[in-house]
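First residue of the sequence shown? That's 1 in the working numbering, and the numbers climb one at a time after it.
Note that CB positions come from ideal geometry on N, CA and C, so glycine has one too.
Fair warning: this is a prediction, and the values are worked out from it, not measured in the lab.
The structure appears right after this line, and notes come after that.
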Amino acid sequence: MAKALDTLNKHLADKTYLVNDQVTLADIVVATTLLYPFKLVADKAYLASYTNLVRWFQTCVNQPQFQQVVGK
């Protein structure tokens with residue numbers, strides 16, 4: 001999992017979303033895939049080196065449309 005998170009973190013270094021300047025299906029799929037690992041497994045210390053990924057994840061899950069489906 002660390003290698004995948006590192007790849008995503010590097011990709012998001014200069015991007016707000018995975019593909020372009022707005023939420024796409026790619027963001028929804030990846031964010032929902034990471035939802036439970038981030039919520040139940042990865043603690044703050046583990047995620048500390050993935051600042052770009054955490055920023056992107058927070059941006060995605062705080063979208064009102066996202067929260068309507070999966071909650072806060």
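Here the alpha carbons of Leu-18 and Gln-63 stand approximately 15 Å from one another.
Residue range 64-70 is occupied by the alpha helix (DSSP H) that includes Phe-66. Of the other Cβ atoms in all chains shown, fewer than 16 fall within 10 Å of the Cβ of Asp-6; this residue is therefore exposed. Per DSSP, the continuous alpha helix (DSSP H) segment holding Phe-57 begins and ends at 51-61. The C-beta of Ala-31 has 16 or more other C-beta atoms within 10 Å across all chains shown, which makes the residue buried.
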